[in-house]
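The next block holds one structure in the form of C-alpha cells; read it before the comments.
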Amino acid sequence: MEQKLKILIVDDSLMSLEILRSMLLKNSAGVVGSQGEARIPYHFDIIVAMSGEEALEKVRAEKPDLIILDIILPKMDGFEFLNILKSSEETQGIPVIVISGLDNEVDEEKGLLLGAVDYVKKPFKENLVLARMSTHLKVIDQIRIIEKMSMYDTLTNIPNRQNFNIRAKADGGRAVREQTPISVMIIDIDHFKKVNDTHGHQQGDIALVKVAETIASTLRRSSDLAARWGGEEFVVLLPNTLHENAMHIAEIIRAAVEQASIPGVDGNPPLNVTISIGVASTTPDDTSFMADLLKEADKALYTAKETGRNKVCG
25 MEQKLKILIV DDSLMSLEIL RSMLLKNSAG VVGSQGEARI PYHFDIIVAM SGEEALEKVR
85 AEKPDLIILD IILPKMDGFE FLNILKSSEE TQGIPVIVIS GLDNEVDEEK GLLLGAVDYV
145 KKPFKENLVL ARMSTHLKVI DQIRIIEKMS MYDTLTNIPN RQNFNIRAKA DGGRAVREQT
205 PISVMIIDID HFKKVNDTHG HQQGDIALVK VAETIASTLR RSSDLAARWG GEEFVVLLPN
265 TLHENAMHIA EIIRAAVEQA SIPGVDGNPP LNVTISIGVA STTPDDTSFM ADLLKEADKA
325 LYTAKETGRN KVCG
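Residue numbers (our numbering): 25 to 338.
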C-alpha cells in the first residue's frame, strides 16, 4: 500500500539538497523505474533546511518521519542538532540518517552514539542510500503498526485508555500553560448487560462498535478525542472547551446514539441503545488536575444513571 512520508533533508549546500531531493522523488511511489516499479513504495513530502536551527524549527512544525542530515552546518553542526533532537521526548524517536563528507571512523562513531540510525559517507552511491532508506522506512512501518495496536481498542478501532491518558497529559499541560478551559465526559451504555443477556455477546460487540462510531463521528474538531475507557464505558476529551459548550456537545452525542440503528445479528431486527453522560470542566492551575476532573465526571455520570438514565449531567 502506498504511503506518504515526510522527509527532512538538512544540508547547507543547495546542490546536495537538490541531488538528494531529486533522487528521492524519482525513486518514489508513482514513478516507474527500470524494474517496472518504484524503488521505494512511498510518496514523499520533501522538506529542506540549510542550518541546524532551521532544521529544529522544521522538526517542531512538520514532524518529519525521517531526517537526512549533513554534519557540516553553519553555527549549529549536525552533532549538536542530533544531541538536541535526541534529548527531547517529542523528537527522539525520529530516525536520522547521516550523509556527510566527514569520513573518518571517529565522526561515524560519534554520529551513531548520538542516535543516528545510519551513517553514509559522501560522495555517496544512490543505490546504497536508497537501500538503507528502504530498510529504515520498513522499520518505521512496523513501529507504526505496533503503536497503533497498543494505542487503539481492537474491537471499536477508536483510541484506548492509554491513548487517552497520553493525550490528556499533553492537552492538560497546554491548558495549564495557556490558562484555557478543558472538559471531559464519561459515557456509559444504559442497561448494556441486558443487551448481552438478551441478544448475546456478538450483538453486544456490534452495539459497542456502533456507539463508538457514533460518538467519534459526532466530534467535529481534530483536537477532540473519543476513547474506549473499558467495558461499555467511553471517555471524551475536549480541549479549550467551556462547561456549557461541553454540555451541549454531550447532548448532541446522547441524541445521536439514541437515534442510531444497531444492526441485528443473524437477520434479527435492528435495535437501539441509550447512553448516560457525566461532564466535568475546569481551567486548571497545575498539571495534577486530570484525576480529579475524571472523578467529577464519574460522579456526574452516576447522577445521570441514578436519575433515569439516557441523560447528561454535569
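Note that CB positions come from ideal geometry on N, CA and C, so glycine has one too.
Asked, Found
"Rounded distance between the beta-carbons of Val281 and Asp208, thought under 8 Å", "The displayed chain sequence assigns Val, not Asp, to residue 208. Going by Cβ atoms, the distance from Val208 to Val281 rounds to 18 Å, so no, they are not a contact pair."
"DSSP-derived helix/strand/coil call for Asp212", "strand"
"For Val83 and Arg156, the rounded distance between their alpha carbons", "22 Å"
"Beta-carbon proximity of Ile121 to His160, cut-off 9 Å", "yes"
"Cα-Cα separation between Thr327 and Lys217, rounded to whole angstroms", "19 Å"
"Complete alpha helix (DSSP H) runs within the segment 148-224 (minimum length 4 residues, chain order)", "150-175, 185-202, 216-223"
"7 Å CB neighbourhood of Asn107 in its chain, flanking five on each side removed", "Leu138"
"Meets three-Cβ-pair contact criterion under 8 Å: the segment 171-179 and the segment 277-296", "no"
"At least three beta-carbon pairs within less than 8 Å, the segment 141-153 to the segment 97-105", "no"
"Outcome for Val55 when other beta-carbon atoms lying within 10 angstroms are tallied against a minimum of 16", "Residue confidence for Val55 is low, a pLDDT of 45 falling below 50, so the modelled location carries little weight; the figure read from the coordinates is stated next. Exposed is the call here."
"Nearest candidate by alpha-carbon position, reference Ala251, set Asn128, Phe188, Asp322", "Phe188"
"Buried or exposed by the 16-neighbour rule on C-beta atoms within 10 Å, applied to Asp316", "exposed"
"Segments assigned alpha helix (DSSP H), at least 4 residues, entirely inside the segment 66-98", "76-86"
"Same chain, Cβ closer than 7 Å to Ala192, five either side skipped, listed in chain order", "Leu261, Met314"
"Per-residue burial, Val259 [other beta carbons within 10 Å of its own, 16 or more giving buried]", "buried"
"Whole-angstrom distance between Ser37 and Gln186, CA atom to CA atom", "43 Å"
"Distance between Ile213 and His267 (C-alpha atoms, nearest Å)", "22 Å"
"Coarse secondary structure for Ala236, derived from DSSP in three states", "helix"
"Nearest-angstrom Cβ-Cβ length linking Leu325 and Ile210, presumed shorter than 8 Å", "5 Å"
"Three-state class that DSSP yields for Ala284 in the structure shown", "coil"
"DSSP bridge partner residues for Gly302 (one or two, in chain order)", "Ile210, Cys337"
"Closest by C-alpha distance to Ile230, when choosing among Glu256, Leu249, Asp35, Thr242", "Glu256"
"Nonlocal neighbours in the same chain, by C-beta distance under 6 Å from Pro119, ignoring five residues either side", "Leu90, Val141, His160"
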